[in-house]
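Each protein sequence line maps, in turn, to chains P and G. For the first sequence, the numbering used here assigns the number 314 to the last residue and increments by one with no breaks. For the second sequence, the numbering used here assigns the number 1471 to the last residue and increments by one with no breaks. What follows is one structure encoded as structure tokens, with my remarks underneath.
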Amino acid sequence: MAEHATAQERLFALRETIARLEGKAVPALVAARQAKAAQAPQDMAKELRRLPLGVPAVDNALEGGMPLDGLTEIRTAFFRDAGSATGFVLALAALLQGEHGRKEEEVSNPVLWIGDRACAQEAGLPYALGLMQFGLKPRQFLYALPRKLEDALWIAETALASGAPAATILEVRGNPAHFGLTESRRLALRAKDTGRPLILLRQAGDEEASSALFRFRLEPAPALERRLPDGSMLGGSIGHPLFRLTLEKSRHPAPLSFTLEWNPRDRQFDLLQPSIPSFPALRPADPVDRFSASADRPDRPAEMGTLVAFDRAS
Amino acid sequence: MRLVALDEAAEAIGLRRGQGLAEARAIHPRLDVIEEDPAADRAFLEAVADWCDRYTPLVAIDEEDGLLLDITGCAHLFGGEEALLNDVLLRLFQMGLDVRGAIAGWPGLSWAACRFGRCGVVVDEDRQGMTATLPVASLRLSEDLVSSLQKFGLKRVGDLLSLPRAPLVRRFGSQVLLRLDQIVGAVEEPISPRRPVPLLSSERRQIEPIQVEEDILHVTEEVARMLLPGLEARGAGGRVFELMLFRVDGRVFRIEAEASRPLRDPKRIAALFSERLKAIHDDLDAGFGFEILRLNVLQHDDFQLAQGDFEGQGERSATLAELVDRVTARLGRNVLQGFDLRESHIPEKASVFLPAADGLAEGRKSETGFGFRGGERPLRLFRYPEQVETVTAEVPDGPPFRFRWRRMVHEVLRAEGPERISSEWWLDNQDEAERDYFRLEVRTGQRLWIYRRGHYHENQPPGWFVQGIFA
């Protein structure tokens, strides 16, 4: 019996060591914490250093909210969703800045956006008046546009290590070879050291192994109409932006989808019903079927690249 | 082709400057001739001038082959004028240069003494006698003037000095008198240094030259500590610093670094250079090491002593400044930027980017100073509006239904607008057409900010442009 107990103890010790290596919570503490969380979810978010998004369903999925000491990845499948992705990331930043700004009226830590040359060329530069209307403080916004990805990574690491920015946003295009698991792990560790969040915005990128705690895939949804003071909707108008999010990477087994609306005036997210319509599907770019491969000849050469746009016949 | 410069051997066999090359070859067929390269000569002279910075910060280049050093107040550091001159000449001689040098009370006399008289320090006792015996060519006059003076038998400066001044001006012009006054020191002649004089400067001479980056940074910190009393006495902190590294073989490196706010802390000054050194790592060749390190303050601002508060507010803005400094030092001024809001209703003029270092330096303006009342503005604005083609829109001022942008046809699902923005007619040359802005939601899910420039006219449809994207 005593032997069995010793073995158990060694097993627990090993599990704890592994948990520490992986930067996760020690399993023995997790059980206690879960019991506590059931009583007071607010305290739990604070203890885990999470930023609650203010939507209970989402916060539960995120174990309290967006991590304040780690890496969160947002990715879009197509470059045309760049505007929407920018909006969601900036909404998170506004939430963060608001959190700090409420306590101290004058100065809060700035948000640092590390841009990418190609994205800046295609999707434009941040615009102060737009940011202001979106709920951010333009004077507490820094924008870096380095020439190379290595420089961008260096800025991100330096910024995280200094702990000066309230949030660091790193924008990359696609899945660059120089930004793999090693680099993202390095950034995540830096973020953990100083307790500052890093948001990775991957424009037009594929799923890739990274050390992000959570990864969202984002696409836009048609905006609702503007709400009038009496509760009715103003026909034909374009209201607050809507984000259709899929939680691709988390501790949850199944991906979770939900639609959020950002209200810049109140700086808060609203969860919408899943019945929100999506954009009408684009007609397939090339509707004509290709001939089937011949049996008596070698196969045709593989296609290169992907077809981005194709003229419509009519 | 003519000879412009000769070495000792060539002088010994009787060649002279200005001689034709063919003639010289006829005298001595085995001449080794190198084509003149004035740019390289100049660069070399600049390098020597840089090296001379070790004696005084006031170094001026004199014509093609001379340097003027203002050693006022510097001589005692090297053990007197005689010792200073010997040191300069000896070191340059060891570098393989044939140099003549003289020290006198003013530039005109030292120029003449160096080129035409006895080299060395001109002492007060024999100054008058020496000046009188110098040839008229030592007056820095044009060649024509010198030869016409010589035709009149005026061979020495003393001959001119004994003449009445008025007839001299009438015959030879005022230039002669000016030069005469300059050689006797009756007229002040300023030396214009090639570089601005630093406000503060401190240096360290190493007995053992240093090569390694860590050592350089360590010594930089030491030197920065020596600057501290000077900065404190002025109540200032440095904004722009210059680190000068004198290599043992005479080459001088200058590294400039800028801080976003006035600095005094030696550690942070050294940290500025640590990023700069990493950025220029390949260009900095330590060779056999650096023997002198000098730190100059080129620009300084008032330094506000801040007492640490309990909430750590001051500390936080200090870390931000440190971050900005590091990025600026390593990647340049324009990489990290902040916003500056301008009161203009033309969208692209209302918000401009400024280097973050400048933004921090001028201090934060209050957030409430700018009230914007207008329609919704996009989150991202294109650097230049992009023209769209084949627009079908409601005439005269409705939103578009369909347009072609970036090689793709976009169908508009919903539109908001127009918001009309006129040009700033109260400014000169700002007579552009009016713009009607629309917010569009297109079929692909993008929300675009698009405008029509001008109105519909006969045979001339207006242009449509996409200027930004919304969330």
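We put the CB at the ideal spot given by N, CA and C, even for glycine.
- Under the DSSP definition of a beta bridge, G1237(G) partners with D1301(G).
- Between L1413(G) and R1439(G), the gap from beta carbon to beta carbon reaches 8 Å or more.
- Judged by DSSP in its simplified three-state form, I1216(G) adopts helix.
- For W1405(G), the three-state secondary structure derived from DSSP is strand.
- The closest CA to that of P1262(G), considering only R1140(G), A1270(G), G1238(G), E1208(G), is found on G1238(G).
- In this structure, DSSP gives G1066(G) an extended state, which the three-state scheme calls strand.
- In the DSSP assignment, no residue is bridged to D1325(G).
- Within the DSSP bridge table, the entry for E171(P) names L201(P) as partners.
- Of the residues L1336(G), F1353(G), N1334(G), the one whose Cα lies closest to the Cα of R1342(G) is F1353(G).
- Within the segment 119–151 of chain P, the runs of beta strand (DSSP E) at least 3 residues long that lie entirely inside it are, in chain order, 141–144.
- Beyond the five residues adjoining it in sequence on each side, N263(P) comes within less than 8 Å, by CB distance, of H240, F269, D270 in the same chain, given in chain order.
- Identification of residues in the segment 133–164 of chain P having a C-beta nearer than 7 Å to some C-beta of chain G yields Q133, F134, K137, P138, R139, F141, L142, Y143, A144, L145, P146, D151, I155, T158, A159, S162, G163, A164, given in sequence order.
- Per DSSP, reduced to three states, the secondary structure at V1412(G) is strand.
- In the DSSP annotation of this structure, the continuous segment of the beta strand (DSSP E) that includes A221(P) starts and ends at 214–221.
- The beta carbons of G1120(G) and A1102(G) sit about 6 Å from each other, so the pair counts as a contact at 8 Å.
- Within 10 angstroms of the beta-carbon of I1034(G) lie fewer than 16 other beta-carbons, which makes it exposed.
- Taking the Cα of F1382(G) as reference, the smallest distance to any Cα among G83(P), R267(P), K148(P) is reached at G83(P).
- In the DSSP assignment, E225(P) falls outside any alpha helix (DSSP H) and carries neither an H nor an E.
- Neighbours of D81(P) in chain G, taken as residues at a C-beta separation under 7 Å, are given in chain order as G1445.
- Under the three-state reduction of DSSP output, H1457(G) falls in the strand class.
- Contact of P1378(G) with chain P by beta-carbon distance below 7 Å involves Y127, G130.
- Put simply, the CB of R1326(G) is near chain P, with a gap under 8 Å to one of its CB atoms.
- Excluding residues up to 5 positions away in sequence, G1250, R1251, V1252 lie with their Cβ nearer than 8 Å to the Cβ of A1047(G) in the same chain.
- The beta carbons of F1290(G) and P1209(G) sit about 6 Å from each other, so the pair counts as a contact at 8 Å.
- Its Cα nearest to that of I1255(G), the residue L1217(G) stands out among L1217(G), R1100(G), L1228(G).
- Listed in chain order, the alpha helix (DSSP H) runs fully inside the segment 1220–1281 of chain G are 1266–1279, counting runs of at least 4 residues.
- The Cβ neighbour count for V1324(G), taken over all protein chains shown within 10 Å, is at least 16; the residue is labelled buried.
- Using a Cβ distance threshold of 8 Å, I199(P) and I155(P) do not count as a contacting pair.
- Collapsing the DSSP output to three states places R190(P) in a helix.
- The criterion of a C-beta distance shorter than 8 Å is satisfied by T76(P) and A85(P).
- Within 9 Å of the CB of A1357(G), no CB atom of chain P is found; the nearest one sits about 11 Å away.
- Assigned with DSSP and collapsed to three states, M1095(G) falls in coil, not helix or strand.
- Here P1167(G) carries a helix assignment [DSSP, helix/strand/coil].
- Around the Cβ of E171(P), a 10 Å sphere holds 16 or more other Cβ atoms; the residue is buried.
- Short of 6 Å from the beta carbon of G163(P), and not among the five residues preceding or following it, lie these beta carbons of its own chain, in chain order: T194, R196.
- Residue contact check for E1441(G) against chain P: a CB pair falls below 8 Å.
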